[in-house]
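Okay, structure first, notes after.
In this note's numbering, the protein residues as written are 1 to 466.
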């Protein structure tokens, strides 16, 4: 390399252009970077090819086994294979042959097709090599929703989406701008559009979100109110803390989320926080358009909201008003976005999100709905399964509430064994079914508090409502 540089320098000197060596020297790192990129791209394509091969095609080392098994199949059985249903298992001489059969593909055709063309295959599944990976349907919707409930979400099989439940524990944690600031650092690259207004003696916030939530593309609309003063916590937070809308303040919320003009999800419901998430879909917030609508209680409330929209930067031509319903297209946010969402953070987090989405889709390429895909992931990749359940990284975001609650005038709320706030409805259910459990939790909390506090109260009141 040194000799080559010396030769290049010697060639450039007679020309009297000293800039030549600098240019020539600078080419080497550029060429090196390009070579590294090409190598990484080739390795990535090779890795995805291997994943696809093991997921949807016959492994090359098993092709001889396939031929041996097929040679032992009587001619009439071979012809009848075309009539079998998907995933039906046939046993030939104690060998398990899983068949995914259609009228268009014959056995010999499937075996001889190139790997990248095979869409319908006949793999040999040996128990010691790939146990149980092609048996969807073992995880039921109820079981999945039971796992999702502690995170405040549920799965809707009809639309193959995830959504927030009405009485999730998030409802007890309110909202403030700190929550949005934390999103980018938790792999949630989302556009935030808060609309502030006053009505009925309360300060209201209706916020719209869209973007990439870790392994999900999704959107949200939330309704929040407050009658209290702003918080001023030196060095931490100076602003308004809102409560989630009470039952009497629920509004009819609706949105349609589109990506490059294609409808991804749609939802409309009387709620305080409607959400939709599509697992495994990767998107940049700028590629998403959200058609939003909110139906208010009366014209006065509608007009108060319109004032907030105008202050946010919208004009009358961008809004559609039909009775008490206001609708608009949410494309680019008017509001200042969280400071934590800068170019570097967004690049790092979106790179990680894209990699996780691709890993999920590659691993579950043989399945058509998320229930079967998640069933596979739960068995083969438990860590990814936990990541899937933690939609919107709620547990991490709402840890901020623990930092704020000492400064808030809050009523006593139920707390579980781990010190996490739980919803009032969940507390009532547990208390009615297992009163002894509630009493034990109260005693444990009291003992823990007395062992760490300098102030020794005579008795700690039972949290929750009767």
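We treat Cβ as the ideally placed atom computed from N, Cα and C, and that holds for glycine.
{"Item": "Cβ separation of residue 301 and residue 199, assumed to be a contact under 8 Å, to the nearest whole Å", "Value": "5 Å"}
{"Item": "Cβ neighbours of residue 207 in the same chain (closer than 6 Å, five flanking residues each side left out)", "Value": "194 and 222"}
{"Item": "Distance, residue 295 Cα to residue 252 Cα", "Value": "5 Å"}
{"Item": "Straight-line gap, residue 338 to residue 234 (C-alpha atoms, nearest Å)", "Value": "19 Å"}
{"Item": "Inter-residue Cα distance where the pair is residue 99 and residue 401", "Value": "In this predicted model, residue 99 has a pLDDT of only 35, less than 50, meaning its place in the structure is not dependable; the value taken from the coordinates is given anyway. C-alpha separation (whole angstroms): 53 Å."}
{"Item": "Cβ-Cβ distance between residue 312 and residue 334 below 8 Å", "Value": "yes"}
{"Item": "Terminal residues of the alpha helix (DSSP H) in which residue 379 lies", "Value": "370-380"}
{"Item": "Alpha carbon of residue 398 to alpha carbon of residue 29, nearest angstrom", "Value": "46 Å"}
{"Item": "Residue 257 versus residue 32: straight-line alpha-carbon distance, rounded", "Value": "42 Å"}
{"Item": "Own chain residues within Cβ distance below 7 Å of residue 229, not counting five before or after", "Value": "none"}
{"Item": "Best match in 324, 329 and 325 for proximity to residue 317 [C-alpha to C-alpha]", "Value": "329"}
{"Item": "Sheet register partners of residue 202 (DSSP bridge)", "Value": "199"}
{"Item": "Residue 391 to residue 297 span [Cα, whole Å]", "Value": "31 Å"}
{"Item": "Alpha carbon of residue 188 to alpha carbon of residue 307, nearest angstrom", "Value": "30 Å"}
{"Item": "Supposed close pair residue 277, residue 218 - CB separation, criterion 8 Å", "Value": "4 Å"}
{"Item": "Those runs of the alpha helix (DSSP H) which lie wholly inside the segment 137-216 and span at least 4 residues", "Value": "141-148 and 177-183"}
{"Item": "The segment 158-168 in contact with the segment 378-387 per 3-pair CB rule at 8 Å", "Value": "no"}
{"Item": "Boundaries (first-last residue) of the alpha helix (DSSP H) holding residue 402", "Value": "399-404"}
{"Item": "Identity of the residue in 291, 171 and 141 nearest residue 152 by Cα", "Value": "171"}
{"Item": "Test item: CB-CB of residue 340 and residue 181 under 8 Å", "Value": "yes"}
{"Item": "Which residues DSSP lists as bridging residue 273, in chain order", "Value": "222"}
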